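Visitor: Sequence lines, in order, name chains A and B.
Residues in the first sequence are numbered consecutively from 128, following the working numbering.
Residues in the second sequence are numbered consecutively from 128, following the working numbering.
Glycine included, each C-beta is placed from N, C-alpha and C at the ideal position.
Treat the numbers as computed from the prediction; the structure is a model and nothing was measured.
There are 2 protein chains.
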Amino acid sequence: MTQRRFIPGLKDVARTAGVSMTTVSRYLNADLVLPPDTAQRVDTAIRQLGYVPNPHARSLGRGRSDTIGLVIPTIANPFFALLAAAVEEAAEAKGLGVLLNATSNNASRELQHVARMRRNQVSGLLFVSAHYHTPELVQALNDTRGLVLIDEDIPGVHSAKVLYDNYRGGWLAGEHFVEHGHRRIAFIGGPSELASTRDRFAGLRDAAAQADAEVTFEMYGAYAAAHGEDAARALLSLGRPPTAVFVSSGEIMIGLLDALHRAGVAVPERLSLIVFDDAGPLHLFDPPLTAIRQPIAELGARAVELMLAASHGDPAETEVRLPVELVKRASVAPPASV
Amino acid sequence: MTQRRFIPGLKDVARTAGVSMTTVSRYLNADLVLPPDTAQRVDTAIRQLGYVPNPHARSLGRGRSDTIGLVIPTIANPFFALLAAAVEEAAEAKGLGVLLNATSNNASRELQHVARMRRNQVSGLLFVSAHYHTPELVQALNDTRGLVLIDEDIPGVHSAKVLYDNYRGGWLAGEHFVEHGHRRIAFIGGPSELASTRDRFAGLRDAAAQADAEVTFEMYGAYAAAHGEDAARALLSLGRPPTAVFVSSGEIMIGLLDALHRAGVAVPERLSLIVFDDAGPLHLFDPPLTAIRQPIAELGARAVELMLAASHGDPAETEVRLPVELVKRASVAPPASV
DNA sequence: GTGAAAGCGCTAACAA
DNA sequence: TTGTTAGCGCTTTCAC
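Pasting the structure below:
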């Protein structure tokens with residue numbers, strides 16, 4: 128019953144194969160090319176014994192782990208889920224594990240995770256945060272090796288960054304609205320202090336201005352459905368409401384659309400809609416939602432790539448801007464009044 | 128420039144605080160209650176030095192890590208994303224990290240992940256797999272301490288399990304269809320060899336039988352949109368098609384609904400629909416989808432709980448069956464012919 | 001190409 | 001209560 132399992136270690140493999148630990152270790156780490164017969168013996172010993180390296184010992188010895196940390200607000204959001212999937216895949220391909228950390232955009236948890244990672248825990252840190260950032264966080268991030276900022280820039284942090292072309296996203300939305308004849312456009316944004324929010328707004332505004340249209344209503348808030356519901360209420364209570372709305376995220380859009388449905392507002396007949404972020408089955412929505420699509424898989428893949436470069440000593444302060452595109456579906460139509 | 132950073136260790140803290148390493152170590156692990164002044168000195172030293180424990184050394188020393196492994200098919204699916212979120216949250220609350228592994232339901236990757244975990248890597252393993260299982264996998268899982276099977280049972284594996292009441296889910300769907308007057312019902316299932324698939328079917332069939340209705344069409348396949356599209360094609364080519372369809376997962380449903388839309392089939396007028404799995408914003412779909420809801424957050428939380436119990440030596444072969452419920456929306460209506 | 005031995009930073013007997 | 005010390009299993013100089 129109390130059968131104490133024998134766990135083979137490197138030295139067991141070495142003894143069985145008739146070589147030293149060093150040889151086995153270096154062979155396993157491809158530090159060394161072994162004569163065919165020696166290699167053979169080692170391989171056999173490993174198989175016979177069922178040897179599996181102990182990752183902790185390995186990590187302790189070399190001072191880093193083959194794991195990367197992924198810090199995101201929440202995995203429950205399709206955008207981040209897709210991002211995590213891409214990161215996981217890219218990491219797996221490089222033989223790296225992914226340590227997942229959800230922060231709920233909570234500053235102290237972010238700080239805590241970064242601190243833990245920073246030590247030795249991971250060989251790289253992929254960080255996404257969508258709120259105002261304290262100097263402490265900025266400081267901690269700047270002290271972190273192998274850091275890559277994803278999706279949202281953080282002013283003052285000097286690291287590799289993989290971001291989207293938010294301005295262009297706003298512009299595409301504005302252009303599309305304008306082409307359909309809209310003149311009064313609303314912007315329902317995320318937190319107003321974020322660069323991404325401002326960029327999306329700026330793109331929208333500039334595209335509108337090109338065609339004598341304008342953004343007549345702006346509202347900012349958290350990336351949450353509740354914010355979308357609030358926005359819907361505000362929008363509907365306006366004396367002269369806009370005819371088109373650009374929503375800055377999927378979460379917000381869900382709340383907004385929900386409230387619009389409940390209020391019996393016809394989309395796109397009475398209100399046209401474009402959402403930034405094409406995660407989730409938006410094509411099955413009522414109506415199918417026109418969206419700004421971000422290449423999420425590429426975001427994750429590039430991030431892992433840059434992380435590897437950054438942790439390999441390359442102090443590249445690279446900033447990558449990924450392009451976005453407009454996916455036309457059925458939530459935009461000419462305004463009723465035209 | 129080449130500033131070599133001094134990294135404080137436990138012994139630095141000990142020296143600074145004027146105590147021994149043991150004292151600090153045990154204090155930090157709450158193994159020990161220190162006199163207020165001593166505790167004070169230690170705390171101060173830690174803060175001054177900016178000491179952060181090295182988790183690798185810790186793990187190596189104690190033979191286990193404060194990390195749990197989560198092995199799922201893919202994080203890109205909302206169901207698993209929500210599950211991962213729940214697990215992450217529960218783990219975080221217990222001070223545990225989550226190591227994420229996506230397998231794409233690939234047997235060899237599953238085996239590989241389990242092997243790595245098994246060694247020492249994690250203190251518990253949460254495992255989800257939705258396909259036929261090889262004896263090797265079953266063997267490996269049975270050799271794993273702190274294992275909890277989630278969502279899908281694997282015959283022959285003796286461990287704690289947290290599953291849903293799939294039969295009841297099928298029954299609720301069947302009952303709902305029957306109440307609306309449906310007599311010919313279709314079942315679009317996942318892989319036919321899975322217990323969950325069979326249970327959902329059995330529930331549906333039995334509920335139908337109670338009311339002189341029957342399941343006139345069955346089709347099985349992967350949990351993928353493509354399977355749903357195939358199913359839609361098959362359904363539409365039937366001479367005397369069913370009037371209601373119970374779909375076994377969200378992924379399948381997405382493909383099915385997409386194909387149905389393209390074919391111009393009115394839902395629910397011509398075909399009523401219920402989907403097992405209420406992840407994602409199904410209430411915004413066209414039409415809002417009636418669904419069997421599974422308590423995903425509870426699934427994750429219970430799994431972590433059981434894992435902790437299992438790894439604390441408690442060889443509990445507990446099996447938890449979580450209840451499901453019917454969420455009525457607008458995708459079920461009486462059949463046209465009635 | 002190969003081996004001996006000194007750590008990596010912490011935990012946990014075992015003493016004191 | 002507190003300190004001493006021997007590992008945990010692997011990596012990595014540095015000789016041979």
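1) With 8 Å as the limit, tell me which residues of the segment 165–190 of chain A have their beta carbon closer than that to any beta carbon of chain B; keep them in chain order.
2) Taking 8 Å as the threshold, find out whether the segment 371–389 of chain B comes into contact with the segment 311–323 of chain B through three or more Cβ pairs.
3) If contacts are defined as beta-carbon pairs under 8 Å, then A:Gly308 and A:Pro414 qualify, I think. What distance do you get, rounded to the angstrom?
4) Rank B:Asp158, B:Thr165, B:Val160 by C-alpha distance to the C-alpha of B:Arg142 and give the top, closest one.
5) List the residues of chain B that A:Pro205 touches, going by C-beta distances under 8 Å, in chain order.
6) How long is the line joining the alpha carbons of A:Pro262 and B:Ala322, rounded to whole angstroms?
7) Going by alpha carbons, who is nearest to A:Arg311 out of A:Thr343, A:Leu253, A:Ser231?
8) Assuming A:Val289 and A:Ala424 form a contact by the criterion Cβ under 8 Å, report the distance between their Cβ atoms to the nearest whole angstrom.
9) As a quick exercise: from B:Arg397, B:His439, B:Leu453, B:Ala428, pick the residue whose alpha carbon is nearest that of B:Asp405.
10) Determine whether the beta carbon atoms of B:His428 and B:Leu400 lie at a separation below 9 Å.
11) Residues of chain B with CB closer than 7 Å to the CB of A:Asp404, please, in chain order.
12) DSSP state of B:Val451, grouped into three classes?
13) Under a CB-based cut-off of 9 Å, is A:Leu274 close to chain B?
14) Please report the residue range of the beta strand (DSSP E) in which A:Ala267 lies.
15) I'd like the list of long-range same chain contacts for B:Ser364, defined as Cβ closer than 6 Å, with 5 residues on each side in sequence excluded.
16) Residues of the segment 242–262 of chain A with a CB closer than 9 Å to any CB of chain B: list them in chain order, please.
17) Where does A:Met128 sit, in a helix, a strand or coil, going by DSSP?
18) Assuming the contact rule is C-beta atoms closer than 8 Å, B:His240 and B:Asn232 should be a hit. Round their C-beta distance to whole Å, please.
19) Taking its Cβ as the centre, do 16 or more other Cβ atoms sit within 10 Å of A:Arg448, making it buried, or is it exposed?
20) Going by DSSP, what residues sit across from A:Arg420 in a beta bridge?
21) Using a Cβ-Cβ cutoff of less than 6 Å, which residues in the same chain neighbour A:Ala358 once the five nearest sequence positions on both sides are dropped?
22) From which residue to which residue does the alpha helix (DSSP H) around B:Ala169 run?
23) Sort B:Phe373, B:Glu341, B:Gly273, B:Ala334 by Cα distance to B:Gly355 and report the nearest one.
24) Contact check, B:Ala287 vs B:Thr445 under 8 Å by CB: the rounded distance?
25) Residues of chain B with CB under 7 Å from A:Thr201, in chain order?
26) Quick check: the Cα distance between A:Lys455 and A:Pro368, rounded to an integer number of angstroms?
27) For A:Tyr259, is the classification buried or exposed, using 16 other Cβ atoms within 10 angstroms of its Cβ as the cut-off for buried?
28) The alpha helix (DSSP H) spanning A:Ser235 covers which residue range?
Guide: Let's see:
1) Val179, Pro180, Asn181, Pro182, His183, Ala184, Ser186, Leu187
2) Below 8 Å, enough C-beta pairs join the segment 371–389 of chain B and the segment 311–323 of chain B to call them touching: three or more.
3) That belief does not hold up - the Cβ atoms of A:Gly308 and A:Pro414 are roughly 18 Å apart, past 8 Å.
4) B:Thr165
5) Pro205, Ala208, Gly407
6) 53 Å
7) A:Thr343
8) Between A:Ala424 and A:Val289 the Cβ distance is about 12 Å, and since that is not below 8 Å, they are no contact.
9) Of all alpha-carbon atoms in B:Arg397, B:His439, B:Leu453, B:Ala428, the one lying nearest the alpha-carbon of B:Asp405 is that of B:Leu453.
10) Residue 428 of chain B is actually Ala in this sequence, not His. Against a cut-off of 9 Å, the Cβ pair of B:Leu400 and B:Ala428 comes out as no contact.
11) Chain B residues near A:Asp404: none, gap ~13 Å exceeds 7 Å.
12) coil
13) no
14) Note, A:Ala267: premise wrong, no beta strand (DSSP E); alpha helix (DSSP H) at 262–269.
15) none
16) Ala242, Arg243, Arg245, Arg246, Asn247, Gln248
17) At A:Met128 the pLDDT is 31, less than 50, meaning the model places this residue with poor confidence and gives no usable figure here.
18) Actually they do not touch by this definition, with Cβ atoms about 12 Å apart.
19) exposed
20) A:Glu452
21) Ile315, Met346, Leu383
22) Looking at the sequence itself, residue 169 of chain B is Val, so the reference to Ala does not match. It spans 163–176 - the alpha helix (DSSP H) in which B:Val169 sits, taken as one unbroken run.
23) The shortest CA-to-CA distance from B:Gly355 to any of B:Phe373, B:Glu341, B:Gly273, B:Ala334 is the one to B:Phe373.
24) 5 Å
25) By Cβ distance, chain B contributes Ala212.
26) 23 Å
27) exposed
28) 234–243
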